[in-house]
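A.B. asks: Just passing along the structure, written as structure tokens.
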Amino acid sequence: MSVNFGRQTASGHLHVPSESKEPYPTDVLEQLSLEAEQVIARYPQPRSALLPLLHLVQSLDGYITGRGIDFCARTLDLTTAEVSGVATFYTQYKRHPNGEYTVGVCTNTLCAIMGGDQIWETVSEHLGIGHDETTEDGKITLERVECNAACDYAPVVMTNWEFFDNQTPDSTVQLVDDLRSGAPVAPTRGPSRVCSFKEVSRVLAGFTDGLADEGIGAGPASLRGVELAKREGWTAPGEESAASVDAQPSATADGPGGGLAAGQRTSVDTPANEPDERPGGQDAQEQAKEDDK
Amino acid sequence: MTTLTPILTKFWDHPQSWTMATYEDNEGYTALRQAMQSDPADLIQATKDSGLRGRGGAGFPTGMKWGFLPPPDGGPRYLVVNADESEPGTCKDIPLLMAAPHFLIEGIAITSFAIGCNHAFIYLRGEVVHVYRRVMRAVEEAYAAGYLGKDILGTGFDLDVTVHAGAGAYICGEETALLDSLEGRRGQPRLKPPFPAVAGLYARPTVVNNVESIASVPAIIKQGAEWFSDMGTEKSQGFGIFSLSGHVKHPGQYEAPLGITLRELLDMAGGMRDPGHPLKFWTPGGSSTPMFTDQHLDVPLDFESVAANGSMLGTRALQIFDDTVSVVRAVSRWTDFYMHESCGKCTPCREGTWWLAQILQRIEHGQGTPEDIDKLVDICDNILGRAFCALGDGATSPITSAVKYFREEFEAGCHTPAAELFPPAASTLFAKEQNTMVTA
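What follows is the structure in structure tokens.
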């Protein structure tokens, strides 16, 4: 089932189609050079700009082209072999034209077991393509991705590196159908729409797109702990429980509905705070030391 | 009973939790103001006194790491934040940066001031574009507010922060591979010594710290080292974010003092997904930490207790699997991951992970041979301690621990496919809905 996952042949990796070596038009090259200068300026040494510059190449060409490699090499005074060596090391750099949307199904252990394998099989069959293959209309490149740091939302599907949480085979089929038909698609945690592969590559090169303030701060799973703590009146040491502040402004921290300090001293009463005292103030700490004696 | 201690997670439920305004409403950047009035040496001492240990997995004392920098020689020294969170099961830094990135930015400013760094870097994995947007935005806001840039808060201290996106490579979570990657190279680990404190980024003295470690610094400076060290256990002090995933009723982020147990956390998370399916195995800190079973429910999740029970606290990534899951399938898939992500620099990991993956695939398909289990353990012996970096060692953890606790399942792999013994459909998130629909 996963036998060929991640295996890439040397020839597949190192082949650069000859058409991708067509030089950039002059105006495109000028703009690219200007932006490359901005990227280089972020670092004490120019070579550090290579990863963002490769993202920038993808934002123009949709993958790592021969001309993109030439450009990076010239700009950073490297050999094309050095640039290719880096470009082939990282999985986000594509060696052949990528679809407008990369749909990555997490099939690392936890997501796979929670349903990622079933999602992968269904959507792969639905689209008729396998790992790192692209639909004929150029819309979707399907990938099996590794753990994307959202395990509490398993099974996870990434679309152009935006989070689609708690997916099912049906929801993912709907997702790819919508992407192909051009229907609006929004991630679970992310901006109000999924940007194209090229647009996202530009962001990864460090050029902002103004979407940072869209979407939520945290999804339901991220908030489980903090919501439970609020319900139970649990707070960090030195903090008043929100519940006690709301209900009874003058109540002491260990009063009814108030919270106990957590940590090692849970069996010891926390010190009372004055209503106008800042949480965790010097007095509270000294008092706490007294209480510990 | 241990209770939760929302500190870094405290206001994640605010509708605009990621903004400077929300952060400042929650006393954000007060620690920076306080720190800028202090002697840098005192800040390092306070961090040492707090007992803060690296939150990225290894648990090395953070303040001590800072103290290893050689005395200033007039040249640059760097702070590099490791935000390449990629360890399977680990999902704490990414939600932290999405919900409240200013904790990290303030922590960077304080740490940089403490260690005499004028240019800090955040190396964020590239596969989380909205998090990258949020972190870049937070840095912009901090520049605009005068918390970054030239002459910060009128102290004459200058600090630039560059947010750098990686491009998909697990190995870049290893600190020296991260530095090579940040220098524009293939992300492969470096020989140590020299350690980054002596020759790190551009061969200059460099501190590399995890996101959560640096994000914890403002609270320590504001509330005091003792406030922090009073939480947790004797040698594992303070709090941390515990990430529960898998077959629990309410997976999610639970911020608690170190030393809390899985039994307590499971209770907070509503127990197992289905009371009819008990806990079978779990990881205390990602797939690279040897797995635990239901015998370990009461092990305090601190560095010492977890180690005493044969595993590592790691990143507190608690992946929970119930008895519907084939341990062989789980381990086989993790091994595919290590094979895919091996950087190729050293032979034991590059070759060993491929052999392990092939053997495990045959066991998973019920085609194992009687010698296969010993062969697996033997290959693991030849990787552990012989790989160039700790990530190679980590590849062996799931295998050796699974064979230790569930050898009979590997033996069954000599004749019966894992999917027959443990039908995968029963483990899925949507299994229940489907079953309900069938019976309805």
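Protein sequence lines, in the order shown, are assigned to chains A and B. Just so it is clear: in the first sequence, position 54 is 54 by this note's numbering, and no numbers are missing. Just so it is clear: in the second sequence, position 141 is 434 by this note's numbering, and no numbers are missing. Note that CB positions come from ideal geometry on N, CA and C, so glycine has one too.
Which residues of chain B have a Cβ atom closer than 9 Å to the Cβ of A:Y93, listed in chain order?
C.D. replies: Within 9 Å Cβ-Cβ: A460, G461.
A.B. asks: Would DSSP call A:P249 helix, strand or coil?
C.D. replies: Interpretation of A:P249 is limited by its pLDDT of 39, a score under 50 that renders its predicted location unreliable; no figure is taken from the coordinates.
A.B. asks: Leaving aside the five residues before and after A:N108 along the sequence, list all residues of the same chain whose C-beta is less than 7 Å from its C-beta, in chain order.
C.D. replies: E146, C147
A.B. asks: What residues from the stretch 112 to 136 of chain A come within 8 Å of chain B, judged by C-beta to C-beta, listed N to C?
C.D. replies: Answer in chain order: A112, I113, M114, G115, D117, Q118.
A.B. asks: Contact check, A:R67 vs A:K21 under 8 Å by CB: the rounded distance?
C.D. replies: Rounded to the nearest angstrom, the Cβ distance from A:R67 to A:K21 is 6 Å, consistent with a contact under 8 Å.
A.B. asks: Measuring only between beta-carbons, confirm whether A:H96 sits less than 8 Å from chain B.
C.D. replies: no
A.B. asks: Measure from the alpha carbon of A:S192 to the alpha carbon of each residue in A:T141, A:E37, A:P184, then state which is nearest.
C.D. replies: A:P184
A.B. asks: Just to confirm, is the Cβ distance from B:V432 to B:L390 under 8 Å?
C.D. replies: no
A.B. asks: What residues in the stretch 468 to 492 of chain B have a beta carbon less than 8 Å from any beta carbon of chain A?
C.D. replies: S474, L475, E476, G477, R478, R479, G480
A.B. asks: Relative to the C-alpha of B:D366, which candidate in B:F396, B:S343, B:I408, B:V592 has its C-alpha closest?
C.D. replies: B:I408
A.B. asks: Rounded C-beta distance between A:G99 and A:G138? I'm assuming under 8 Å.
C.D. replies: With a beta-carbon spacing of about 6 Å, A:G99 and A:G138 fall inside the 8 Å limit used to define contacts.
A.B. asks: Just to make sure I have the definition right: I need the residues of chain A whose C-beta is within less than 7 Å of the C-beta of B:C384. Which are they?
C.D. replies: A149, A150, C151, D152
A.B. asks: Any idea which residues DSSP pairs B:D453 with across the strands?
C.D. replies: B:H412
A.B. asks: Kindly give me the distance between the Cβ atoms of B:G347 and B:F353, rounded to whole angstroms, as I take these residues to be in contact under 8 Å.
C.D. replies: The Cβ separation is near 5 Å, so the contact holds.
A.B. asks: Could you check whether B:A695 and B:I676 sit closer than 8 Å to each other, using their CB atoms as the reference points?
C.D. replies: With contacts defined as CB atoms closer than 8 Å, B:I676 and B:A695 fail to qualify as a contacting pair.
A.B. asks: On the DSSP bridge list, what partners appear for B:S506?
C.D. replies: Beta-bridge pairing links B:S506 to no other residue.
A.B. asks: Nearest-angstrom Cα distance between A:T141 and B:L472?
C.D. replies: 31 Å
A.B. asks: If the cut-off is 9 Å on Cβ atoms, which residues from the stretch 49 to 65 of chain A count as contacting chain B, listed in chain order?
C.D. replies: A49, L50, L51, P52, L53, L54, H55
A.B. asks: When the Cα atoms are used, what is the spatial distance from A:D61 to A:K198?
C.D. replies: Rounded to the nearest whole angstrom, the CA to CA distance from A:D61 to A:K198 is 8 Å.
A.B. asks: How should B:G552 be labelled, buried or exposed, when 16 other C-beta atoms within 10 angstroms of its C-beta is the threshold for buried?
C.D. replies: buried
A.B. asks: Around the C-beta of A:S18, are 16 or more other C-beta atoms found within 10 angstroms, so that it is buried, or is it exposed?
C.D. replies: exposed
A.B. asks: So if I threshold CB-CB distances at 7 Å, which residues from the stretch 414 to 439 of chain B count as touching chain A?
C.D. replies: G419, E420, V421, V422, H423, Y425, R426, R427, M429, R430
A.B. asks: On the three-state DSSP scale, how would you describe B:Y575?
C.D. replies: In the sequence on display, residue 575 of chain B carries Trp and not Tyr. Looking at B:W575 - three-state DSSP - the assignment turns out to be strand.
A.B. asks: If you run the structure through DSSP and keep just helix, strand and coil, what is B:V491?
C.D. replies: coil
A.B. asks: Here's the rule I'm using: 16 or more other beta-carbon atoms within 10 Å means buried, otherwise exposed. How should B:L336 be labelled?
C.D. replies: It is buried - the Cβ of B:L336 has at least 16 other Cβ atoms within 10 Å.
A.B. asks: Using the rule of at least 16 other Cβ atoms within 10 Å of the residue's Cβ for burial, across every protein chain shown, is B:G525 buried or exposed?
C.D. replies: buried
A.B. asks: Output the distance between the C-alpha atoms of A:L32 and A:P52, rounded to the nearest integer angstrom.
C.D. replies: 12 Å
A.B. asks: Could you tell me how far apart the beta carbons of B:F535 and B:L594 are, in whole angstroms, since I believe they sit closer than 8 Å?
C.D. replies: Cβ atoms of B:F535 and B:L594 come within 8 Å of each other, at about 7 Å.
A.B. asks: From what residue to what residue does the beta strand (DSSP E) around B:P550 run?
C.D. replies: Segment 545 to 550, the beta strand (DSSP E) holding B:P550.
A.B. asks: Among residues of its own chain, excluding the 5 on either side of B:T323, which ones have a beta-carbon nearer than 7 Å to its beta-carbon?
C.D. replies: K515
A.B. asks: Can you pull the chain B residues whose beta carbon is under 7 Å from the beta carbon of A:Y313, in chain order?
C.D. replies: With chain A covering only 1 through 293, there is no way to say anything about residue 313 of chain A.
A.B. asks: Taking its Cβ as the centre, do 16 or more other Cβ atoms sit within 10 Å of B:V633, making it buried, or is it exposed?
C.D. replies: The question names Val, but residue 633 of chain B in the sequence shown is His. Burial state of B:H633 is buried, judged by a 10 Å Cβ sphere holding 16 or more other Cβ atoms.
A.B. asks: Can you give the Cα-Cα distance for B:C465 and B:V373, rounded to whole angstroms?
C.D. replies: 12 Å
A.B. asks: How far does the alpha helix (DSSP H) with A:G233 in it reach, from first residue to last?
C.D. replies: Careful: A:G233 lies outside any alpha helix (DSSP H) and carries neither H nor E.
A.B. asks: Strictly under 8 Å for the Cβ-Cβ distance: is B:Y631 near chain A by that measure?
C.D. replies: Closer than 8 Å: no.
A.B. asks: Would you list, in chain order, the members of the stretch 211 to 223 of chain A that have their beta-carbon closer than 9 Å to a beta-carbon of chain B?
C.D. replies: Answer in chain order: L211, A212, D213, E214, G215, I216, G217, A218, G219, P220, A221, S222, L223.
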